[in-house]
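So the structure is just underneath, and the comments pick up after that.
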Amino acid sequence: MNKLLIFAAVYHPYKGGYTESMHELAKRLAQKGWAVTVLACNTHRRAEQEIIDGIEVKRIPCVNPKWLNSTFPIPLPFPKTFRILKIALSPIPDLISTQTRFFPTAWLGFFIGKIKNIPIAHTERGAIHSIVSSRLISWISAIIDHTLGWIIVRFSNMVIGVSDASCQFLRHLGAKNPLKIYNGVDTVFWQNPSVISHGSSVISQLSITFVGRLIYSKGVQDLLHAVVQIKNVRKQEPKNIIVNIVGDGTYRPVLERFTHELKLDDNIRFLGEMTKEQVREILWQTDIFVNPSHSEGLPRSVLEAAAAGLPIIATDVGGTNEIIPDDSYGLLIPSKNPNALAEKLAALTNDENLRTHLGGNAQRYVKEHFDWDKITEQYIGVMEQLTINN
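According to UniProt numbering, the sequence shown holds residues 1 to 390 in order.
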């Protein structure tokens, strides 16, 4: 049995596309006979060791600074850390997987792999340098990308990008021949068992949904401003537009303040973190899905909305245009452009045929190109080749 050791910045119970995509792949690899261990920072003070869906999870002590938006956990060099590392490395894994170049856990996994002569497969989930509201942190992040990040992507045995955009970014950082393997989606889980309908020809109560972490770069603030424009144009009562914001994060208090200042308290529902099953129920009751993000690798939430058969409006960032290749699968808009978002929302609101057409096409497309079963087989082929070569 081959052993895979994944070095992750965060893991369950942390919510987000990074964690969910990694877990879905690890779970399927375990089902295919791989012994999978995930070594992650203990951001939520959970058990040091546990088994989740056949995956051995080990958590090491860390700090997760608030001034870095609690999204950049740093392992602590405590005796407990070295003890857990020793356990994770016994027996020696056949392959090490590092995830996203700017996390300290990726640097840790890379250097351990080099010291112990274990092949390293690095997966890059981003497509540009990190976007945050602080210029100083953005500048520091870019420096890290072109130093420690460069070392990882240049000298790992295999470098994988989750989209064409991610692969292009990897080449920018110094990778020679990055391999594209998409994030996957469980198309059976997300498919609505009932006949998909997105309302009458003109929706009387518009249900819009966003799913993701509430951080600045997800662009939810742009969605709020677009909703103000829609209300003004449609001249409707506030109760006729409902926006479901699923997820949590450090930017939530700011968004809640914006909501109040924009007089959207009757329109916006902050639902917090939800289980997959709860998210699915929300999507099945949604008219239009919106992803206004400023930065993506390959957005998991867009894959899930497409698998649910929803019409999608999304910013044309990262690999989003690989899920929505043209306007017969969804509507792409520039990032940071509430006016364009409001325009597309108005178009979908008043056109039932367009909503049904886009949702159906997107659903068929992701089933053909992004189903997890197909993605898992691609990963297994690469991983087996790396272990054989070693």
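Quick reminder that beta carbons are idealized off the backbone N, C-alpha and C, glycines included. Bear in mind the structure is a predicted one, so any value in this text is a computation, not a measurement.
In the DSSP annotation of this structure, the continuous segment of the alpha helix (DSSP H) that includes Asn321 starts and ends at Thr320 to Ile323.
Of the residues Thr250, Asp186 and Ile208, the one whose Cα lies closest to the Cα of Ile230 is Ile208. Phe370 is not a Cβ neighbour of Tyr251, given a cutoff of 8 Å.
Asp164 and Trp372 do not touch by the CB rule: their CB atoms are close to 20 Å apart, not below 8 Å. For Tyr18, the closest C-alpha among the options Tyr379, Phe103, Leu262 and Leu29 is that of Phe103. When only Cα atoms are considered, Trp107 and Thr147 end up about 11 Å apart. Residues of the same chain with a CB within less than 7 Å of the CB of Gly272, apart from the 5 flanking positions on each side, are Asp248 in chain order.
Secondary structure note for Arg269: its beta strand (DSSP E) is the uninterrupted segment Ile268 to Gly272. Taken in chain order, the complete alpha helix (DSSP H) segments of 4 or more residues contained in the region 157-192 are 164-173 and 187-190. Collapsing the DSSP output to three states places His23 in a helix.
With a minimum length of 3 residues, the unbroken runs of beta strand (DSSP E) contained wholly in the region 110-137 fall at 120-124. Close CB contacts of Phe270 within its chain, under the 7 Å cut and outside five residues either way in sequence, are with Ile245, Arg252 and Glu256 (chain order).
Secondary structure of Val366 (DSSP, three-state): helix.
Looking only at Val63, Ile112 and Glu261, the smallest Cα-Cα distance to Thr43 is reached by Val63. Pro77 has no beta-bridge partner at all, per DSSP. Runs of the alpha helix (DSSP H) lying entirely within the UniProt domain "Glycosyl transferase family 1" (208-364), each at least 4 residues long, are 220-234, 252-261, 276-284, 300-307, 320-323 and 338-349 in chain order. The C-beta distance from Leu170 to Gly161 rounds to 5 Å, short enough to fall under 8 Å. Distance from the CA atom of Asp94 to the CA atom of Ala30, rounded to whole angstroms, is 14 Å. DSSP places Leu108 in the helix class (H, G or I) of the three-state scheme. DSSP places Thr43 outside any alpha helix (DSSP H), giving it a letter other than H or E. For Ile51, the number of other beta carbons within 10 angstroms of its own is below 16, and it is reported as exposed.
It is roughly 6 Å from the alpha-carbon of Ala307 to the alpha-carbon of Trp190.
In this structure, Val290 keeps its C-beta atom at 8 Å or more from the C-beta atom of Ile268. When rounded, the separation of the alpha-carbon atoms in Asp316 and Asp145 is 23 Å. Taking Ile92 as reference, the option from Val159, Lys3 and Asn177 with the minimal CA-CA separation is Lys3.
Under a 10 Å Cβ-count criterion, Glu281 is classified as exposed, with fewer than 16 other Cβ atoms of the shown protein chains found around its own Cβ.
The Cβ neighbour count for Gly330, taken over all protein chains shown within 10 Å, is at least 16; the residue is labelled buried. Selection Leu179, Asp266, Leu303 and Gln99 evaluated against Val38 yields Gln99 as nearest (Cα-Cα). Residue environment analysis places Pro79 among the exposed positions, since fewer than 16 neighbouring C-beta atoms fall within 10 angstroms of its C-beta. In the same chain as Asn390, and ignoring 5 residues on each side of it, the C-beta atoms closer than 7 Å to its own belong to Pro119, in chain order.
In this structure, the CA atom of Ile333 is about 24 Å from the CA atom of Glu368.
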